[in-house]
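Numbering-wise, the working numbering comes out as the position in the sequence shown, counting from 1, plus 64.
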Amino acid sequence: EPFRHLDPTTAEHDRQTGRNPRYWRDLDLEAWKAGEGAAHLKAQIDYPWSRQRCQLTPQLGKVEMSAYQEQLKAAVA
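Structure, rendered in structure tokens:
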């Protein structure tokens, strides 16, 4: 947060939305936990995480490490 204003995209978003630069510093933690924070936590707990399919797992083992490293070197060069 102390460096948020240094990121041009974030600073522009904050300017457009009128975000208080002291939002997190001035936040009443207990009030947040009782309201919005509680709702976020419940949504995370209730989300069906086990039903999500990992995009990377099916790809594991399809490329040998040496071939991957060569591809990486070629991409950087």
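Positions of the beta carbon are idealized from the N, C-alpha and C atoms, including for glycine.
Quiz prompt | Residue interval of the alpha helix (DSSP H) (run including W61) | solution = Because the chain here runs from 65 to 141, residue 61 falls outside it and cannot be looked at.
Quiz item: Between P85 and A107, what straight-line distance do the alpha-carbon atoms span, to the nearest angstrom?
Solution: Roughly 27 Å between the two C-alpha positions.
Exercise. Let me know the secondary structure DSSP gives R68 once reduced to three states.
Key: Helix, per DSSP.
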